[in-house]
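Input: a single structure, listed below in structure tokens.
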Amino acid sequence: GQKSLFKNTALTSGSTQRLARSARGNAVMGTEAISS
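For the sequence shown, the positions run 1 to 36 when UniProt numbering is used.
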């Protein structure tokens, strides 16, 4: 039980970081589109 819980936590934090990174990328692309 404990091991699968840890695995789920790692997966969740990994996908959260990926989401945050893509959101930041989208924001940067948006500002570049506005400034150009």
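For each residue, glycine too, the CB sits at the ideal point set by N, CA and C. Just so you know, these numbers come straight off a predicted model, no measurement behind them.
Distance between residue j and residue i (C-alpha atoms, nearest Å)
i     : j     : result
ALA27 : GLY14 : 20 Å
THR31 : GLN2  : 44 Å
ALA10 : ALA20 : 15 Å
THR12 : ARG24 : 18 Å
ILE34 : ASN8  : 39 Å
PHE6  : MET29 : 35 Å
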